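Peer 1: This is the structure I want to talk about, given as structure tokens.
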Amino acid sequence: MNYHTLLVSIDKNICIITINRPEKLNALNKDVFTELDKAIEEVSTNNEIKSAIITGAGAKAFVAGADISEFASLNKEQAMALSKRGQDVFFKIENSKKPIIAAVNGFALGGGCELAMACHFRLCSTNAKFGQPEVNLGLIPGYGGTQRLTKLIGKGKSMELQMTAQLLAAEDALQLGLVNYVVEPENLLPRSVEILELINTKAPVAISKIIECVNTAVDGLKDGYDEEVKAFGHCFDTNDMKEGTSAFLEKRKAIFTGK
Ligand code: COA
């Protein structure tokens, strides 16, 4: 099928999905979500595909977050629907029966970090930077980030990263277990392909059951995700969120008032 915001190719039974809006640092807008949803569906239904890689176009960003320009007009209910939609697409990735890994080739911020965390595991290049900087916008992560980051790196570091909006360098992400490997940029896709080629030699049903069982081990109850949708929507009812997103788009520093 044809995609406008993604590049999708299949080689050696591996589907490479590249988010392709480099001029906006591959920010996730509505069209990207629609097409990502379709691409994951294709991974699931196309028998030629045994596994997949998600990466970003260009040398600078994997994905620099949800598209902030789409936030300005949203009310609380629409924000909750956006959060739910994002969570649902990312659940589809997380629960895919075929392995889907993230090859993080630069900034993985906000929704980009959340997308990477929804994948089964992650590799990154030496120039990668991870973070949940939503608080700078008067917001919280809304695509599962409050949950997955905590499960992946633990409560204390998760709290700190979300509260400070500070970014993690590749080596720190490795040390925290957020990524499995850090490699030079030119080796990122070859190394990702090499790992999937090995996995692709294994029994597909066993692989799908590993995914299912590991997800069960980590996720047990999913209530936290519902709380995140409500809290994300609540932020859209504040002046600080309007100030934070306007400030980003106007390229100035936000002034928060607590309202
Ligand atoms: N949503 C919409 N547009 C975005 C974006 C996002 N999340 N991230 C980057 N862009 C756009 C910029 O507005 C800019 O567009 P323009 O050229 O039309 O002005 C373009 O992508 C390049 O980004 P720019 O900010 O100029 O690059 P930089 O190298 O100076 O900074 C970042 C890179 C990643 C630090 C910066 O873009 C950033 O902070 N992005 C937002 C990160 C974020 O808060 N993500 C969470 C969103 S919920």
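Sequential numbering of the sequence shown, starting at 217, is according to my numbering.
Even for Gly, the Cβ is constructed at its ideal location relative to N, Cα and C.
Treat the numbers as computed from the prediction; the structure is a model and nothing was measured.
Throw me the rounded Cβ distance for the G493 and L392 pair, which I believe falls under 8 angstroms.
Peer 2: There is no way to answer for residue 493, as the model of the chain reaches only from 217 to 475.
Peer 1: Report the option in I317, P349, E459 whose CA atom is closest to the CA atom of K266.
Peer 2: The residue given as residue 266 occupies position 50 in the sequence shown. The candidate whose alpha carbon is nearest that of K266 is I317.
Peer 1: In terms of alpha-carbon separation, which member of P349, G361, F323 lies closest to Q303?
Peer 2: Here residue 303 refers to the residue found at position 87 when the sequence shown is read from its first residue. If we check each option's Cα against that of Q303, G361 comes out closest.
Peer 1: Go ahead and pull the three-state DSSP assignment for T366.
Peer 2: Against the sequence shown, residue 366 aligns to sequence position 150. Helix, per DSSP.
Peer 1: Compute every distance between the C-beta of S341 and the non-hydrogen atoms of ligand 1, then say whether any falls below 7 angstroms.
Peer 2: Looking up residue 341 in the sequence shown gives position 125. Not under cutoff, so the answer is no.
Peer 1: Taking 7 angstroms as the cut-off, is the beta-carbon of A280 closer than that to any non-hydrogen atom of ligand 1?
Peer 2: In the sequence shown, the residue the question calls residue 280 occupies position 64. Correct: A280 has its Cβ closer than 7 angstroms to ligand 1.
Peer 1: Since A273 and N242 are thought to touch, with beta carbons under 8 angstroms apart, how far apart are those beta carbons, to the nearest angstrom?
Peer 2: On the sequence shown, residue 273 is found 57 positions in, with the first residue counted as 1. On the sequence shown, residue 242 is found 26 positions in, with the first residue counted as 1. Sure, about 6 angstroms apart at Cβ, within 8 angstroms.
Peer 1: Threshold first: 3 residues or longer. Then list the beta strand (DSSP E) segments lying entirely within the region 316 to 386, N to C.
Peer 2: 316 to 320, 323 to 325, 337 to 341, 345 to 347
Peer 1: Return the chain-ordered ranges of every beta strand (DSSP E) run that is complete within the region 288 to 315 and spans a minimum of 3 residues.
Peer 2: none
Peer 1: Considering only heavy atoms of ligand 1, does any lie closer than 7 angstroms to the CB of E444?
Peer 2: Position 228 of the sequence shown holds residue 444. No, Cβ of E444 sits at least 7 angstroms from all heavy atoms of ligand 1.
Peer 1: Mind checking I269: buried by the 16 CB within 10 Å criterion, or exposed?
Peer 2: By one-based count along the sequence shown, residue 269 stands at place 53. With 16 or more other Cβ atoms within 10 Å, it is buried.
Peer 1: Going by the beta-carbon positions, is the gap between L244 and A282 smaller than 8 angstroms?
Peer 2: Residue 244 sits at position 28 when you count from the first residue of the sequence shown. Residue 282 sits at position 66 when you count from the first residue of the sequence shown. Taking 8 angstroms as the Cβ cut-off, L244 and A282 qualify as a contacting pair.
Peer 1: Using the Cβ count rule (16 or more neighbours within 10 Å means buried), how would you classify V434?
Peer 2: Here residue 434 corresponds to residue number 218 of the sequence shown, with the count starting at 1. The residue in question, V434, is exposed, as its Cβ has fewer than 16 Cβ neighbours within 10 Å.
Peer 1: How would you call K314, buried or exposed, if buried means at least 16 neighbouring beta carbons within 10 angstroms?
Peer 2: Translated into positions along the sequence shown, residue 314 becomes position 98. So K314 ends up on the buried side.
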